[in-house]
Structures are given as C-alpha cells and as structure tokens.
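In the UniProt record's numbering, the protein residues as written are 1 to 235. The structure appears below as structure tokens.
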Amino acid sequence: LMKELSFAFKPRQLSLSAMVSPSQNVIDQAYNVKSLAKYLDWVTVLSFDYSGYWDGATGHVAPLYQSPEEQYPTVNTNSSINYWISSGMPAHKLIMGLALYSQTFMLADSNSHGLNAPTVGPGPPGPFTQSPGFMSYYETCSTVKGHEWTVVRDSLGSRGPYAYSGKFWLSYDDTGDIRRKCKSIKQDGLGGAMVWSIDLDDYQNLCSCGPYPLLTAVNYELRNTTLNYEPQDCT
C-alpha cells in the first residue's frame, strides 16, 4: 500500500507520511522499516504515553532519556528514535512526537509518591477535557500552580517533572523539557517535531507564561523565532 501511494503521490508532488509506534517490540513485529524508508517522506514517532495509569505504577509520560529511577532502558524518546534509525529509517525523515498533556494517576499510598510508586487507577478528569487519567497542559499547569502541589524535577534533564498532592499524581513536559527535546532534534539531524495536540497547550494564558508556551518553545528552538524573552518553565 505504501508503495502504491508513493507512486501515486510523487507525480503530484505530494508528501506521504505515517505515524508509528515508539515500541521496539512493535517496530520489530509490525514494520519493514527499510521498505518504509523507500516510500515515506516523513515518519512521526509517537514518542509519548510511555507510562499511564494502566501500568499500575507511576511513570513519566514522555521521558527524553532513561532516568536513574527507570529500570527499562528502551522506554524513552531517545531510545525509540535511535531504534528507528538503527532499523534503517534515515534520521532526516523522522519527526519526534511531543506531548502537550499529562498522564495522571491515583496513588495507592500518599506517602509513596516517587516514580514507580503503586497506583490504583487514573487521576480525576480535568475540568475541561473531562477524561480520567489525562489533563491538557493548561489544566496541568493551572492545577499545579494553584494548589498545594509538590513538583519534582530531574536535575539531569532526562525527563520532565512529576507532581503530587495527596494521592493525586501526574507527569508532564514543561517548557524547558520541550526545548531540550527540540535541541535533541537539531543535534540528531531529525526532520522536525509534531505536537499532540495544539488545543492542549495553554492558548488562553491561564498560567501566565504567555499564550501557547509549549508551541512558542518549539518555534523558538526549531525556527529561531525572535522573542523579547527566553521561554521558561511555567510550573
């Protein structure tokens, strides 16, 4: 099918792209990477949802690298991207997926609130997105900034922050984490970034970091957009 679509698209100067899994197991079992590389112009790696309430333990939604607390070396964006490259996909065709949301959890014990802590289900739905286990970035930052929350950042920059209040726990990427990922995109010669999704950014400036702070960070790093300030973390 990819071959037929490519042959139909190229005379019309149309691009052919696909969104693909970040999982090494799925890559091995579901894709002929070298064949796809012949016909696809862009390959967007869905490099997020590495952890969620379905795991029964806390974890970061989209770590850039393996953190000291993470026992699995392949459950991170850098590992996924490099595996696609080593499997035969040219780096310049790869698009890194960026998550503009948090995965949320309910802790089994409020005193056990680090990474890999036992959980009993999804966090409560956000006031606007209304989906258990998930909150937009604007819901995330306004929640964390407006209540009694503890925010924990990784000094190594391998992952974004996680935050907790009582038994409510969530993980997300902040502005600085998005910038680090965009710098990685440039350093590794990737094709660009994709965000999931535009409507989940803080478009109404609820968190007082300016409208669309995460998209602004992407443009600042990848397009060298001129600003009268340097994008900073909002939480």
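All residues carry an ideal CB built from backbone N, CA and C; glycine is no exception.
In this structure, what does DSSP give as the bridge partners for residue i?
i: V43; result: A18 and L94
i: A193; result: M96
i: S136; result: Y101
i: V152; result: Y162
i: residue 279; result: The question about residue 279 has no answer, for the chain in this structure spans 1 to 235.
i: A57; result: P118
Rounded to whole angstroms, what's the CA-CA distance from residue i to residue j? Just pull it up for me.
i: S158; j: G52; result: 18 Å
i: K93; j: H147; result: 42 Å
i: G123; j: L222; result: 33 Å
i: D174; j: S35; result: 36 Å
i: S110; j: Y164; result: 9 Å
i: residue 260; j: A91; result: A query on residue 260 cannot be resolved here, the shown segment of the chain reaching from 1 to 235 and no further.
i: Y138; j: G210; result: 11 Å
i: D233; j: M194; result: 20 Å
i: S79; j: M19; result: 17 Å
i: G97; j: Q24; result: 16 Å
i: residue 238; j: S15; result: Residue coverage of the chain in this structure runs from 1 to 235, which leaves residue 238 outside it and unanswerable.
i: W196; j: Y203; result: 14 Å
i: L214; j: A37; result: 30 Å
i: T74; j: R153; result: 21 Å
For residue i, which of helix, strand or coil comes out of DSSP?
i: Q103; result: strand
i: F48; result: coil
i: V33; result: helix
i: P118; result: strand
i: F168; result: strand
i: L206; result: coil
i: C234; result: coil
i: T226; result: coil
i: T70; result: Before going further, note that residue 70 is Glu rather than Thr in the sequence given. DSSP places E70 in coil when its eight states are reduced to three.
i: Q187; result: helix
i: Q24; result: helix
i: A62; result: coil
i: L215; result: helix
i: T175; result: helix
i: L200; result: helix
Pop quiz: residue i and residue j are said to be a contact at Cβ under 8 Å. What is the actual Cβ separation, rounded to whole angstroms?
i: N82; j: Q66; result: With 8 Å as the limit, N82 and Q66 do not qualify as a contact, their Cβ atoms being about 12 Å apart.
i: V61; j: A99; result: 5 Å
i: S17; j: V43; result: 7 Å
i: V45; j: P22; result: 5 Å
i: M89; j: Y39; result: Not confirmed; about 12 Å, so no contact.
i: C207; j: S142; result: 6 Å
Using a Cβ-Cβ cut-off of 8 Å, state whether residue i counts as contacting chain C.
i: D41; result: Of the protein chains in this structure there is only one, and it is not chain C.
The stretch 218 to 234 in contact with the stretch 114 to 134 per 3-pair CB rule at 8 Å: no
Contact between the stretch 182 to 192 and the stretch 102 to 117 (3+ Cβ pairs under 8 Å): no
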